[in-house]
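> Here numbering that gives the first Met the number 0 is used: the first residue of the sequence shown is 0, the next is one more, and so on. Right, I'll just put the structure down here and ask away after.
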Amino acid sequence: MNKWNGYNLIMLLGSLSFAAYADGNWGYHQPEQWSKLNQACNGAYQSPINIDKTVKAQLQPLRFSYNSLIQSIENKGHTIQVDFSQGGILHLDDDQFVLKQFHLHSPSENQIKGKSYPLEIHFVHANARGELAVVGMMFKEGTDNAMLKRMWQNLPKKSGEKIKLTDAQPVEHMLPKDLSYYRYSGSLTTPPCSEGVRWVILKHIQEASKQQIKQFADLMGHPNNRPLQPLNGRVIVE
Ligand SMILES: [Zn+2]
């Protein structure tokens with residue numbers, strides 16, 4: 000290989016690795032590097048946060064019309080994502096947010112009164128204008144969770160693997176009866192870290208067995224929670 004071709008090859012490799020990096024090749028080992036991918040990750044109103052001091056408000060009761068059935072489970076490398084046959088609806092702010100997917104974090108990303116939980120599910124919704132609303136649901140260690148049990152039978156082991164569920168189950172069954180919640184304005188917790196996300200954190204803490212939590216954590220092989228972000232004057236209401 001002559002000098003010129005060697006130089007070209009290095010340039011090519013350089014641009015390839017940059018492309019891979021810019022295409023979302025981010026990880027949880029260096030979350031402080033995310034702002035190099037997306038400037039938004041340096042924003043002032045980021046998630047997750049510690050829900051500590053709150054303001055009591057007359058919050059509208061949460062209303063879900065979750066008629067959708069769980070269809071498939073996908074290993075996205077940095078999380079497990081669950082998709083549906085039809086989107087359910089979250090009614091919020093006199094608007095309708097369609098359920099797009101839910102995924103999991105272990106340990107929890109948001110904290111409540113400084114407490115981290117071993118598992119947090121994020122239900123991701125979007126309205127007609129593409130604005131996002133995420134509902135966070137915490138799990139503590141306890142009894143077996145029936146919904147997780149059915150889903151966990153078919154966990155896709157490899158990144159990129161997607162498994163279709165034969166035993167369709169309504170997403171609605173995952174929600175607790177007590178729908179009281181905290182609310183704040185934040186961001187996506189992974190690049191591109193876009194802000195303007197309406198965050199709803201359910202106060203009711205669900206239970207999952209130690210084994211169920213471990214199964215997810217082992218599958219990921221590393222914690223998949225972004226560090227807490229500063230409030231920067233934001234108000235959390237309940
Ligand atoms: Zn999430």
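C-beta atoms are modelled at their ideal positions from N, C-alpha and C, and glycine is treated no differently.
Compute the minimum distance between the beta carbon of T142 and the heavy atoms of ligand 1, and state whether it is under 7 Å.
no
> Around the Cβ of N153, are there at least 16 other Cβ atoms within 10 angstroms (buried) or fewer (exposed)?
exposed
> Can you tell me which of K163, Y183 and D217 puts its alpha carbon nearest to the alpha carbon of V81?
K163
> DSSP state of L147, grouped into three classes?
helix
> Span of the beta strand (DSSP E) holding K209?
Looking at the DSSP string, K209 is not in any beta strand (DSSP E); the run it does join, the alpha helix (DSSP H), is K209 to M219.
> Measuring CA to CA, which of I111, M137 and G129 is closest to P117?
The alpha carbon of P117 has as its nearest neighbour, out of I111, M137 and G129, the alpha carbon of M137.
> DSSP three-state call for V236: helix, strand or coil?
strand
> Looking at the C-beta of P175, does it have a partner C-beta in chain B at a distance below 8 Å?
Looking at the structure shown, chain B is missing, and only one protein chain is on hand.
> Have a look at H90 and Q168 and give me their C-alpha separation to the nearest angstrom.
21 Å
> For P229 and L187, what's the separation of their Cα atoms in angstroms?
Rounded to the nearest angstrom, the two C-alpha atoms are 14 Å apart.
> Going by C-alpha to C-alpha distance, which of L227, I235, F63 and R233 sits closest to C40?
L227
> Return yes when at least one heavy atom of ligand 1 lies under 7 Å from the C-beta of T165, else no.
No, since every heavy atom of ligand 1 falls outside the 7 Å radius drawn around the Cβ of T165.
> Which whole-angstrom value describes the C-beta separation of G86 and F63, a residue pair presumed to lie in contact below a C-beta threshold of 8 Å?
That pair is no contact at about 12 Å.
> Just curious, the alpha helix (DSSP H) that S34 is in, first and last residue?
W33 to L36 is the span of the alpha helix (DSSP H), which, as asked, contains S34.
> What residues are listed by DSSP as bridge partners for L98?
In the DSSP output, where bridge partners are listed per residue, L98 has H124.
> Could you give the first and the last residue of the continuous beta strand (DSSP E) run that contains Q70?
I69 to N74
> Are there any heavy atoms of ligand 1 lying less than 7 Å away from the beta-carbon of H124, as far as the coordinates show?
Using a cutoff of 7 Å, the CB of H124 does not count as near ligand 1, since none of the ligand's heavy atoms is closer than that.
> Is H77 close to ligand 1? I mean its beta-carbon at under 7 Å from any heavy atom of the ligand.
no
> Please list, in chain order, all residues of the same chain as L98 whose beta carbon is under 8 Å from its beta carbon, the five residues on each side excluded.
Y65, S67, F83, G86, G87, I88, L89, F122, V123, H124 and V170
> So for E119, helix, strand or coil by DSSP?
strand
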